[in-house]
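Residue numbers (the working numbering), protein chains in the order written: chain C, 47 to 158; chain G, 99 to 213.
Using N, Cα and C, we set each Cβ at its ideal position, and we do this for glycine too.
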Amino acid sequence: TQLLEQSPQFLSIQEGENLTVYCNSSSVFSSLQWYRQEPGEGPVLLVTVVTGGEVKKLKRLTFQFGDARKDSSLHITAAQPGDTGLYLCAGARGTGFQKLVFGTGTRLLVSP
Amino acid sequence: DAGVIQSPRHEVTEMGQEVTLRCKPISGHNSLFWYRQTMMRGLELLIYFNNNVPIDDSGMPEDRFSAKMPNASFSTLKIQPSEPRDSAVYFCASKGDIGSYNEQFFGPGTRLTVL
Numbered sequence: 047t048q049l050l051e052q053s054p055q056f057l058s059i060q061e062g063e064n065l066t067v068y069c070n071s072s073s074v075f076s077s078l079q080w081y082r083q084e085p086g087e088g089p090v091l092l093v094t095v096v097t098g099g100e101v102k103k104l105k106r107l108t109f110q111f112g113d114a115r116k117d118s119s120l121h122i123t124a125a126q127p128g129d130t131g132l133y134l135c136a137g138a139r140g141t142g143f144q145k146l147v148f149g150t151g152t153r154l155l156v157s158p
Numbered sequence: 099d100a101g102v103i104q105s106p107r108h109e110v111t112e113m114g115q116e117v118t119l120r121c122k123p124i125s126g127h128n129s130l131f132w133y134r135q136t137m138m139r140g141l142e143l144l145i146y147f148n149n150n151v152p153i154d155d156s157g158m159p160e161d162r163f164s165a166k167m168p169n170a171s172f173s174t175l176k177i178q179p180s181e182p183r184d185s186a187v188y189f190c191a192s193k194g195d196i197g198s199y200n201e202q203f204f205g206p207g208t209r210l211t212v213l
């Protein structure tokens with residue numbers, strides 16, 4: 047059972063365009079993370095959000111945690127070829143030691 | 099500082115053979131995770147250890163899979179006998195209690211092909 051559904055699954059855009067990736071669940075998470083994975087490498091953490099409604103910015107990337115802590119979004123402004131990769135959201139539940147549940151992934155291709 | 103180290107990076111084997119994947123976590127990290135990634139199923143947690151003790155192995159597919167962590171700096175994931183459906187990229191990740199909230203650091207992965 048996949049607890050975290052991401053949309054879209056694939057996205058191919060031109061350099062300079064804006065995009066939004068969604069991560070949705072029917073479950074509540076105590077925190078949610080976004081990772082980016084490049085070919086031949088492991089996922090790398092981009093951000094962690096822990097408070098409902100929280101918004102975090104990382105240069106051209108804006109992350110938002112839903113008010114009910116069931117969903118999240120990633121918005122990229124003026125995408126660049128270097129943004130190409132697989133974007134994964136991952137949710138943690140409960141307190142204390144937590145294992146992550148990873149989303150289905152969004153594969154982004156930004157062409158020059 | 100060295101990140102999570104995995105070996106081998108690529109493994110090609112024949113069905114029925116034993117496969118052993120190795121992981122060295124980041125020094126000082128006390129949690130270690132084994133994941134499997136495929137196009138169909140995405141990134142799945144197989145097992146994780148805390149202070150060298152297996153905490154949750156509910157993601158291990160079947161008895162052919164086993165994992166050990168004999169000390170804080172080494173872990174293995176073994177598949178015996180291997181089957182073609184085990185072909186995937188296997189990642190090891192580690193996490194410390196201090197620092198970024200629940201951040202896991204991933205190794206480069208082992209790409210396993212079972213013919």
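Own chain residues within Cβ distance below 8 Å of residue i, not counting five before or after
i        : result
C:Asn64  : His121, Ile122, Thr123, Ala124 and Ala125
C:Lys116 : Asn70, Ser71, Ser72, Ser73, Val74 and Phe75
G:Leu141 : Tyr133, Arg134, Gln135 and Phe189
C:Ala114 : Val74 and Gly98
G:Glu116 : Lys176, Ile177, Gln178, Pro179 and Ser180
G:Pro152 : Ile145, Tyr146, Ala165 and Met167
Amino acids of chain C, ordered along the chain, whose beta-carbon sits closer than 7 Å to that of residue i
i        : result
G:Asp161 : Those do not exist, as G:Asp161 stays about 22 Å from chain C at its closest Cβ, beyond 7 Å.
G:Gly207 : Gly88
G:Phe52  : Here chain G has residues from 99 to 213 only, and residue 52 of chain G is not among them.
Amino acids of chain G, ordered along the chain, whose beta-carbon sits closer than 7 Å to that of residue i
i        : result
C:Pro89  : Phe204
C:Thr150 : Gly140
Beta-carbon contacts of residue i that lie in its chain and below 7 Å, excluding the five residues immediately before and after
i        : result
C:Pro94  : This sequence places Thr at residue 94 of chain C; Pro is not what is there. The residues are Ser77 and Gln79.
C:Gly131 : Arg82, Gln83, Glu84 and Leu154
G:Phe189 : Tyr133, Gln135, Phe204, Gly205 and Gly207
G:Asn149 : Asn128
C:Gly112 : Gly98 and Ser118
C:Gln52  : Val67, Tyr68, Cys69, Cys135, Gly149, Thr150, Gly151 and Thr152
G:Arg162 : Ile177, Gln178 and Pro179
G:Leu210 : Glu109, Val117, Asp184, Ser185, Ala186 and Tyr188
G:Lys195 : A small correction: the amino acid at residue 195 of chain G is Asp; Lys does not occupy that position in the sequence shown. So the list reads Asn128, once near-sequence residues are dropped.
Own chain residues within Cβ distance below 6 Å of residue i, not counting five before or after
i        : result
C:Asp107 : In the sequence as displayed, the identity of residue 107 of chain C is Leu instead of Asp. The answer, listed in chain order, is Ile122.
G:Ser192 : Val102, Pro123, Ile124, His127, Leu130 and Phe203
C:Leu134 : Tyr81, Pro89, Phe148, Gly149 and Gly151
G:Leu119 : Leu175, Tyr188 and Thr208
G:Gly114 : Pro179
C:Leu146 : Ala136 and Ala138
C:Ser157 : Gln60
G:Leu105 : Position check: residue 105 of chain G holds Ser in this sequence, whereas Leu was assumed. Excluding positions up to five away in sequence, the list reads Arg120.
C:Val101 : Gln110
Under 9 Å from the C-beta of residue i: neighbouring residues of chain G
i        : result
C:Leu57  : Within 9 Å Cβ-Cβ: nothing; C:Leu57 doesn't reach chain G, min ~16 Å.
C:Lys102 : Those within 9 Å of C:Lys102 in chain G number zero; the least Cβ separation is about 12 Å.
Bridge partner(s) assigned by DSSP for residue i
i        : result
G:Gln115 : The partner list for G:Gln115 (beta bridge, DSSP) is empty, contrary to what the question assumes.
G:Arg134 : G:Glu142 and G:Tyr188
G:Phe163 : G:Ile177
G:Arg209 : G:His108 and G:Val187
C:Leu50  : Bridge partners of C:Leu50: none, in fact.
C:His121 : C:Thr66 and C:Thr108
C:Ala136 : C:Gln79 and C:Phe148
C:Thr94  : C:Gln79
C:Gln60  : C:Ser157
Neighbour list for residue i in chain G, Cβ cutoff strictly below 8 Å
i        : result
C:Leu154 : Here the premise fails: no neighbours, minimum Cβ distance about 16 Å.
Burial state of residue i, where buried means 16 or more other Cβ atoms lie within 10 Å
i        : result
G:Ser173 : buried
C:Val67  : buried
G:Glu109 : buried
G:Ala186 : buried
C:Phe56  : exposed
G:Leu213 : exposed
G:Met137 : exposed
G:Asp184 : buried
G:Leu143 : buried
C:Leu104 : exposed
Amino acids of chain C, ordered along the chain, whose beta-carbon sits closer than 8 Å to that of residue i
i        : result
G:Asp154 : Lys145
By the 9 Å beta-carbon criterion, what residues does the stretch 134-146 of chain G contribute toward chain C? Gln135, Arg139, Gly140, Leu141, Glu142, Leu143 and Tyr146
According to a CB-to-CB cut-off of less than 7 Å, which residues of the stretch 107-136 of chain C neighbour chain G? Leu134
Contact residues within the stretch 105-127 of chain G, judged by C-beta distance below 8 Å to chain C: none
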